[in-house]
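Okay, so here's the structure we're looking at.
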Ligand SMILES: Nc1nc2c(ncn2[C@@H]2O[C@H](COP(=O)(O)OP(=O)(O)OP(=O)(O)O)[C@@H](O)[C@H]2O)c(=O)[nH]1
Ligand SMILES: [Mg+2]
Ligand SMILES: [Zn+2]
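In my numbering, the protein residues as written are 154 to 370.
As structure tokens, then:
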């Protein structure tokens, strides 16, 4: 019985996510759901991506955190439209939250919407939001064993950014072992080795994102 209740919640979420997606498609907005553990570099990646792509496309952001507007304020300084969602004790974003947040965004003026999910490698994977692509950010200090311990987050992802490669010299991180573990879960996933601090690898990531975006005609 308990399992049935959970299933109903996820079914209800999927219905709202589909409505969100229809609205995004109607406005030709490409939506990326960015998931990672706390501190892996979601906000840093959003800011660096926006700096590189803002002359090519109009970017909007939804920030998810339990509390505070810290991340939204950083995005606002880049002069991008942004909505902050505070979940209180909630450990993931869901489609209903996005449905409310998107009412406060100028969708007709946005080509690419970057959603920063709550820092968590578990349940964000179960809640689709209406996104077109799912991206995981892992980072060198977290260790190369995360795909073995938290496989679920990689199952439906389209790309993995491995951030903080500037710290490789100081930490043991076996890149081949990490990629092998991810490919065992999801063979089709794309990898980007980047540093949001030095800028390494960000152009390749931005090219992938540009190709993934459905541009407005
Ligand atoms: N050395 C190094 N530090 C980085 C890099 N990217 C981000 N950081 C640092 O890592 C910390 C966390 O980065 P954020 O971008 O805030 O991470 P986040 O995933 O948005 O964090 P939450 O929103 O709290 O989950 C900050 O101190 C960043 O400056 C990187 O490529 N190299
Ligand atoms: Mg953040
Ligand atoms: Zn959760």
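Note that beta-carbon positions come from the ideal geometry of N, C-alpha and C, so glycine has one too. As the structure is a computational prediction, the values presented were derived from the model and not from experiment.
Inclusion of residue 308 and residue 342 in the CB contact set at 7 Å is not warranted, their separation being larger than that value.
Residue 284 sits close to residue 184, with the two beta carbons spaced by under 7 Å. For residue 210, the secondary structure class from DSSP, reduced to helix, strand or coil, is coil. One Cα belongs to residue 271, the other to residue 331, and the distance between them is close to 23 Å. Relative to ligand 2, even the nearest heavy atom lies 6 Å or more away from the CB of residue 363. For residue 241, the closest alpha carbon among the candidates 222, 231 and 257 is that of 222. Ranked by Cα distance from residue 347, the first of 230, 286, 197 and 317 is 317. Checking the 6 Å criterion, the Cβ of residue 279 is out of range of every heavy atom belonging to ligand 1. Shortest gap from the CB of residue 186 to any heavy atom of ligand 1: 6 Å or more.
A contact is defined here as three or more CB-CB pairs under 8 Å, and the stretch 167–184 meets this definition with respect to the stretch 244–259. DSSP places residue 190 outside both helix and strand once states are collapsed to three, so it counts as coil. With a cut-off of 6 Å, the C-beta of residue 294 is classified as distant from ligand 1, since no heavy atom of the ligand falls inside that distance.
Judged by DSSP in its simplified three-state form, residue 225 adopts helix. Taking a 10 Å sphere around the C-beta of residue 186, we find 16 or more other C-beta atoms and assign the residue as buried. Residue environment for residue 202: buried (at least 16 other C-beta atoms within 10 angstroms of its C-beta).
Closest by C-alpha distance to residue 207, out of 161, 190, 266 and 192, is 266. Nearest to residue 336 by C-alpha distance, out of 300, 279 and 364, is 300.
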